[in-house]
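See below for the structure under consideration.
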Amino acid sequence: MSSAHSSWQYREHKDFLALDDNQRGVYVPEGVDAEDWAQAVQYWISDDFKEMSKRNKQNREKVEGKNTCGSRTYGEVADNTRDPLTGNKKSHDEIYYALHTKKNKQGDILWPDPRSKAIYLKRKELVDAGSKLTCKEMVRVASGKPPPSRRGAKNKLILRAEIEAEVQQQYNVKLAEEKKKFEDRIARLQAKYEEEAREMHHE
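Read in order, the letters of the sequence shown correspond to residues 1 to 203 in the UniProt record's numbering.
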């Protein structure tokens, strides 16, 4: 699923949350097909979506070092911050910095919590020292934990970062399903318009 569609879905869901039950039945965002909006509303008020949102919120609260990029994932930020000339991704610490900081009106850099800044400084220290740790291992070490053993069975301890990634993947699957339905409907409408245009031309 493209990051553009994910961003669109996020914006439309924000519109949905700002409306009351009566408004949701009659309001349609500009540029959005009424049938698509109605389908999205039904999805957002479903018990499945509410349960998934509840789990997402609970898991986000468990994550050490809150990010400031809303619904954007680590992968999206990594892609969006690539070097425009070489296409190379930023280092782990630079991506973490982009994910966990924002500027105020005065241009000052703000961190969401002291823990986030401490993890960043540790990750930067590891990167500057030429560490060969993977991103997940670096998260663990920067959080004050030993890296998982690379021998034997898979380490039973699941990193908080892995939990967040798993939850995000589940959410992306749901959004991908909705995107596929939207695209199929658009394709059918396009075919219908083309057929009508051909009939008018023959007349």
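For glycine and all other residues, C-beta sits at the position ideal for the given N, C-alpha and C.
Identified DSSP bridge partners for residue i
| i | result |
| --- | --- |
| Ile-186 | DSSP, once it has assigned bridges, lists no residue as partnering Ile-186. |
| Lys-102 | Leu-110 |
Option in the options with minimal Cα separation from residue i
| i | options | result |
| --- | --- | --- |
| Arg-185 | Glu-35, Lys-124, Leu-17 | Glu-35 |
| residue 211 | Lys-180, Met-138, Lys-174 | The chain is shown from 1 up to 203; residue 211 falls before or after that span and cannot be answered. |
| Gln-169 | Val-127, Lys-124, Arg-55 | Arg-55 |
| Arg-115 | Ser-131, Leu-126, Tyr-97, Glu-30 | Tyr-97 |
| Asp-21 | Ile-45, Glu-196, Ser-143 | Ile-45 |
Residue i - DSSP class collapsed to helix/strand/coil
| i | result |
| --- | --- |
| Ala-191 | helix |
| Asp-20 | coil |
| Gln-95 | It is worth fixing the name first, because residue 95 is Ile in this sequence and not Gln. Correct three-state label for Ile-95: helix. |
| Glu-125 | helix |
| Gly-130 | coil |
| Arg-82 | coil |
| Lys-117 | helix |
| Val-77 | helix |
| Glu-30 | coil |
| Asn-56 | helix |
| Lys-174 | helix |
| Lys-154 | Note on Lys-154: pLDDT 48, under 50, position unreliable in the model; no value is reported. |
| Lys-90 | coil |
Start-to-end residues for the alpha helix (DSSP H) that takes in residue i
| i | result |
| --- | --- |
| Lys-136 | 135–142 |
| Glu-35 | 34–44 |
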